[in-house]
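**Q** Encoded as structure tokens, here's the structure I'll be asking about.
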């Protein structure tokens, strides 16, 4: 929950800076803050996305697991699989 709230807070501030930029422009400090916030937001997004992919198991319509081997290897390395 805290991660979600942190992401929302980052996004809210990014949007505030975007609106200010359109309306009146940003100071040098605000531009630096915007870049730092965007970088942090993307880092957090990528980490969450990677985690979701690594946890995923894929099955075909017949119920046979077809998770790509690369993902299976990552899951085994992290102790998420026992096969």
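Residue numbers (UniProt numbering): 1 to 83. Even glycine gets a Cβ: it sits at the ideal position worked out from N, Cα and C. Here the structure is a predicted model, which is why all the values come from computation and not from measurement.
Determine the DSSP secondary structure at residue 65, reduced to helix, strand or coil.
**A** strand
**Q** Please go through the same chain and pick out, in chain order, the residues whose beta-carbon is closer than 7 Å to the beta-carbon of residue 29, but skip the five residues on each side of it.
**A** Counting only Cβ-Cβ distances below 7 Å, and skipping sequence neighbours, we find nothing.
**Q** Taking the Cβ atom as the reference point for each residue, do residue 66 and residue 74 lie within a distance shorter than 8 Å?
**A** At a Cβ-Cβ threshold of 8 Å, residue 66 and residue 74 do not count as neighbours.
**Q** Would the beta-carbon of residue 14 fall within 8 Å of that of residue 46?
**A** no
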